[in-house]
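4 protein chains.
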Amino acid sequence: MELNGVTIDDTYAEAFPTWIARVIITAVTEEWAYKAAVEATGFATSAIGCPCEAGIETFLSGDETPDCRPGCAILICASGKKKLKEQLIERIGECILTAPTTAVFDGLPDAEERIPVKLHFFGDGYEYQAEVGGRSVWKIPIMNGEFVGEEEFGAVKGVAGGNFFVMGENQMAALMGAQAAVDAINGVCGVITSFPGGIVASGSKVGSTKYKFMSASTNEKYCPTLRERVEGSEVPEGVGAVYEIVIDGLDEEAVSEAMAEGIRAATTVPGVVYITAGNFGGNLGPFKINLSDIL
Amino acid sequence: MELNGVTIDDTYAEAFPTWIARVIITAVTEEWAYKAAVEATGFATSAIGCPCEAGIETFLSGDETPDCRPGCAILICASGKKKLKEQLIERIGECILTAPTTAVFDGLPDAEERIPVKLHFFGDGYEYQAEVGGRSVWKIPIMNGEFVGEEEFGAVKGVAGGNFFVMGENQMAALMGAQAAVDAINGVCGVITSFPGGIVASGSKVGSTKYKFMSASTNEKYCPTLRERVEGSEVPEGVGAVYEIVIDGLDEEAVSEAMAEGIRAATTVPGVVYITAGNFGGNLGPFKINLSDIL
Amino acid sequence: MELNGVTIDDTYAEAFPTWIARVIITAVTEEWAYKAAVEATGFATSAIGCPCEAGIETFLSGDETPDCRPGCAILICASGKKKLKEQLIERIGECILTAPTTAVFDGLPDAEERIPVKLHFFGDGYEYQAEVGGRSVWKIPIMNGEFVGEEEFGAVKGVAGGNFFVMGENQMAALMGAQAAVDAINGVCGVITSFPGGIVASGSKVGSTKYKFMSASTNEKYCPTLRERVEGSEVPEGVGAVYEIVIDGLDEEAVSEAMAEGIRAATTVPGVVYITAGNFGGNLGPFKINLSDIL
Amino acid sequence: MELNGVTIDDTYAEAFPTWIARVIITAVTEEWAYKAAVEATGFATSAIGCPCEAGIETFLSGDETPDCRPGCAILICASGKKKLKEQLIERIGECILTAPTTAVFDGLPDAEERIPVKLHFFGDGYEYQAEVGGRSVWKIPIMNGEFVGEEEFGAVKGVAGGNFFVMGENQMAALMGAQAAVDAINGVCGVITSFPGGIVASGSKVGSTKYKFMSASTNEKYCPTLRERVEGSEVPEGVGAVYEIVIDGLDEEAVSEAMAEGIRAATTVPGVVYITAGNFGGNLGPFKINLSDIL
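Note that the protein sequences, when read in sequence, are chains A, B, C and D. First residue of the first sequence: 630, per this note's numbering; consecutive thereafter. First residue of the second sequence: 630, per this note's numbering; consecutive thereafter. First residue of the third sequence: 630, per this note's numbering; consecutive thereafter. First residue of the fourth sequence: 630, per this note's numbering; consecutive thereafter.
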């Protein structure tokens, strides 16, 4: 099919289950919540080499947070609950508790699965329990006043690895197409794009043909400079660069919507010529999201 | 002493040795280098709970980089060389190699200590060696073209934990004083402030009096809300909030200069009333930086 | 009344009619639309000394714009229709048409009052008419491709000068209170805050007591440093600084909602102690917005 | 000649004299100085339709400003001294005096030509003279405290209209090339790029062939979509989009350096294929800046 003159490949994205927690960070202003969120979601592009995948899901106004202050919701994703708990503890403890004026609240209060994150021990006995906006919290005396935090976070089984590929005539066209896609995905609730700026420049395949000790290596079939050298290149003629957008989300619907919005946006950028998606033949991931179904 | 009407405590910051690498990230524009740098330096506030300490040291113009493109220099700090190597590999591999249009170069080419970071295996045999701006690099075919990277990074023994405390009449005065300090420190070469927005809201002491399993807990002597409850509170009368600025740097001179510039800036902010620094009695860290000496 | 422990004065804001146009700017990415919007709404704080009042009302996703690209809506406000037309022509012509990848569309298609903005003459005969998203537009060949623009903009009689004052213990508390208010108002549709960062540091009174040639001068009754020197100071004891938030909007409802959201947000900031509003005794402006009614 | 594989046209930019003032804005933090600077330099792309040309020249650290606070220097350019004075008064009075925590200082204290900007009348008699950092200033009581400002600004005869054109294979390549150029120019002292984001998408010629009432119209010889339709098109084969960078600066050296840095940066962006400059045959402007001389 075609969209805005751009060919959409007849294929699907193959995605995987992941455990996800949603942490609401509030602060005195949106900017300070954002700074904490940026730190807390860094070094979290891919579970292959990072301890988790994480990103900012959405900004929240004071109407939408327990303490009526502006904030951000971040998603933290890990393949197992134990890893998720560890990352919640470390990232909240090191990157949010330490940040000016912040508070944290559970962003999935209805989730059945509950993960304890016992920050209050940091208070060394000076901490006390209180209620804020209907939430049971601990108040911990710290240098800038009192830190307010919930200690139990909901977790749900979500979807990791929703994706599509933006191909352009040249590198800058593909990059701006990918950027437009990320802009659009930022408006979709329940999803994140965990890579730098939301964009992957170096998609990988599982393992390596030459270096057996590598768990992942460059996906040569999608490398434009190797188009003439590798058999079965997936780079269409006239394509100079490829970017992948990888999406994690709370459920398949959210990931599908994000893929659709992102693809639509990418096709409005001049020089974007082809959109496809990544899969492993359908044998690995339980989620198969067809591009033609969602558009 | 007094500076701009603000009392400067007659004390010193106690700091520690750390291994530091300096990574130059370039990209097609400053913005894309910055996005990669933000991801690569996230989740890196304190070595207590994060895998390393990291931050953006400075922006670089095309005149200052090997490939004549704009960029950022980041510092990555770890207590041991092994940990530093591991973090270099993971953060460059997951957060910079994956980012659009980036290249990486060693930012300490004169350092004797060299750390190998063998990214080229990602190329699965399609990679090749080349020279860029006098540097020996690998070019790795990836989806957005070719990634260019050096594979050996200099490391030096630097200084971690340079610090000072900004105390204000109330929380907002202290916060803006801390922000002004961070602005000033951003202009000093060779240093980073690794906490969110460069500021620590919840300084800690070693261990915990009540919870023996905690390796660190709130520094109650610096908590304004506990001023009347704890013995020996270090919070002067009239102080409503305290922020700490923690500085890591390539050497003691850079850290001292950053402390001086930061303190001077903080004292220009109305409502900032007192500046002090943190130490452990001088028994732990080999570096003792006196506030009165540097100002 | 009190809100979050902050006293809300029993008074009202007095506001005035103004003509308003709403211009939708789209671009290849949100960032490029934003850059054009910033330029087009600059030098537009107050109709007293600027040619108009202007600001960014909201960001728009591709779902909300005629050409399916991301964008911004800006409001341009002037007391008369002739002035509004002149400012539309100059600001669209000089600041949007000149900006990379932009298009402009009317943001008030249902308004009865229509203002012609004949940009197509810039095309020197090479321009042509077309339809984009149901809008009749001109396409003008320019250096970066073709500029797409509507040439008729709706105008409505809106409300200028909705306002409230944020008073704090000291300058930084008041400033962050004002900033939190602006954050909240940014989430309200149909309004702008035209001053730098949305905040007024130097509210004025009509005319001058000493310098008869001045049409406006400092509002000494709201100057904290003059509290003891002027008769009838409106600065309560314990207030160290005052900021005014001035709101222009499409109708009284939008302005009232923005005032309410802004005031609520300001009261969550520690050190904010008093909120009031500005009026002229009720004789000048037809709109009187009571703080107690809207909260 | 060629630079990084990009053809540099053998031509020159023709530039014109202009009067320039340099205003230093300081504030409690860099961010607040920046917000004031953005407002004060808005609606100031081209003297053709805006009241002046203006932009942010550079950021300043506390070491570089009279009151030891962080700041920005902006340049305001007008063809005549009377217009420059009017714009200084209005832009400082409406956009800087009104902004939180700001102060203003003359950025050209050595210039012989002096322009009075009597802000102190705003104080209505409550203002008083003082000295800050060796500068004679007025302190004006305002709502957020006291505004500090010098009242005399140096003016020099500078250079307006230094320029070059970035041509790319397609729109996104040309845009990113232009962006890279602006990044580089931002690092050069003494210059501004007054257009939105520093970039012109719709370069113009003097007058209009078809519409005699127009003082400027599209420069059809540089419009890629008209390449086959107009005689003497200056768009080389293979060029899909053109952006112009226009530079104003304090002297010819600064403008030349900015042009050189900008061009060098643009040539590092993949898909940029041709660089040229705009002139009027050399009969209009006294400054002729050869691309081959400066590179």
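All residues carry an ideal CB built from backbone N, CA and C; glycine is no exception. Predicted model, so just to flag it, every value in this text is computed and none were measured.
Check: With 16 as the cutoff for other CB atoms within 10 Å, does D:G819 come out buried or exposed?
Finding: buried
Item checked: Inter-residue Cα distance where the pair is A:R858 and B:P770 -> 12 angstroms
Next item on the list: Quick one: residues in its chain with C-beta nearer than 6 angstroms to the C-beta of C:V788, no 5 flanking neighbours on either side, listed in chain order?
Entry: A644, G878, E881, V884 and F916
Item checked: 6 angstroms Cβ shell around B:R651 - same chain, five flanking residues per side excluded -> A702, L704, G736 and L737
Margin query: Between B:V898 and chain D, is the shortest Cβ-Cβ distance under 8 angstroms, so that the two count as touching?
Written below: yes
Note to self: Contact defined as beta carbons within less than 8 angstroms: I believe D:G763 pairs with D:G832. What is the distance between those atoms, to the nearest angstrom?
What the structure shows: D:G763 to D:G832, Cβ: 44 angstroms. No contact.
Note to self: By alpha-carbon positions, which one of C:E886, C:L913 and C:I904 ends up nearest to C:E631?
What the structure shows: C:I904
Check: Does the distance from the CB of C:F672 to the CB of D:E668 come in under 8 angstroms?
Finding: yes
Notebook entry, point to check: Within 8 angstroms (strictly less), CB to CB, does D:A807 reach chain A?
Noted result: no
Next item on the list: Using beta-carbon positions only, say whether A:Q800 and B:G827 come within less than 8 angstroms of one another.
Entry: no
Notebook entry, point to check: Which whole runs of the beta strand (DSSP E) in the segment 827-900 of chain D are 3 residues long or more, in chain order?
Noted result: 833-835, 845-847 and 870-878
Next item on the list: Check the Cβ of A:P695 against every Cβ in chain C and list those closer than 7 angstroms, keeping chain order.
Entry: None at all; the shortest Cβ gap to chain C is about 12 angstroms.
Check: Interface residues of chain B around A:Y840 at Cβ under 7 angstroms?
Finding: F750 and D753
Check: Helix, strand or coil for B:P825 per DSSP?
Finding: helix
Margin query: Counting C-beta neighbours from all protein chains within 10 Å, is the total for D:G891 16 or more, i.e. buried, or is it exposed?
Written below: buried
Notebook entry, point to check: D:D692 bridges to which residues according to DSSP?
Noted result: Looking at the DSSP assignment, D:D692 forms no beta bridge with any residue, so it has no partner.
Check: So, is A:E860 buried or exposed, given that buried needs 16 or more other C-beta atoms within 10 angstroms?
Finding: exposed
Item checked: Partner residues on chain A for C:R698, Cβ-Cβ distance less than 9 angstroms -> A809, A894, T897 and V898
Next item on the list: Would you mind giving the Cβ-Cβ distance between D:A802 and D:V898, rounded to the nearest angstrom? I have them listed as a contact below 8 angstroms.
Entry: 7 angstroms
Margin query: When you compare the segment 836-844 of chain C with the segment 807-819 of chain C, are there three or more beta-carbon pairs, one atom per stretch, that lie closer than 8 angstroms?
Written below: no
Margin query: Rounding to the nearest angstrom, what Cα-Cα distance links A:E715 and A:C706 in this structure?
Written below: 11 angstroms
Notebook entry, point to check: In terms of residue numbering, what span does the alpha helix (DSSP H) encompassing D:G806 cover?
Noted result: Q800 to N815
Checklist line | C-beta neighbour in chain C for D:I904, strict 8 angstroms | finding: no
Notebook entry, point to check: Buried or exposed: which applies to A:I677, given that a residue is buried once 16 or more other Cβ atoms fall within 10 Å of its Cβ?
Noted result: exposed
Note to self: Below 8 angstroms on the Cβ atoms is my contact criterion, and I expect C:I876 with C:A807 to pass it. Report the Cβ-Cβ distance as a whole number of Å.
What the structure shows: So it is not a contact: roughly 12 angstroms between Cβ atoms.
Next item on the list: Could you pull out every residue in the same chain whose Cβ sits closer than 6 angstroms to the Cβ of B:I821, ignoring the five residues on either side in sequence?
Entry: G684, E686, L704 and D877
Next item on the list: Give the interface partners of D:N773 over in chain A, defined as CB-CB distance under 9 angstroms, in chain order.
Entry: Residues of chain A passing the Cβ test: none, with the nearest at roughly 17 angstroms.
Next item on the list: Can you say whether B:S675 is buried or exposed, counting buried as having 16 or more other CB atoms within 10 angstroms of its CB?
Entry: buried
Note to self: Comparing C-alpha positions only, which one of D:W767, D:I923, D:G869 and D:N919 sits nearest to D:V902?
What the structure shows: D:G869
Item checked: Check: D:A669 C-beta below 7 angstroms from any heavy atom of the ligand FAD -> Of ligands this structure carries none, so the ligand FAD is not represented either.
Notebook entry, point to check: How would you label D:R743, buried or exposed, when you count the other beta carbons within 10 angstroms and need 16 or more for buried?
Noted result: exposed
Check: With distances taken between CB atoms, is the gap from D:K850 to D:E863 smaller than 8 angstroms?
Finding: yes
Margin query: For a cutoff of 8 angstroms on Cβ pairs, would you count D:Q716 as touching chain A?
Written below: no
Item checked: C-alpha distance - A:L717 paired with C:I649, whole-angstrom precision -> 48 angstroms
Check: When you compare only the Cα positions, how much space is there between B:T694 and B:E760?
Finding: 14 angstroms
Notebook entry, point to check: Is DSSP giving D:D922 helix, strand or coil here?
Noted result: helix
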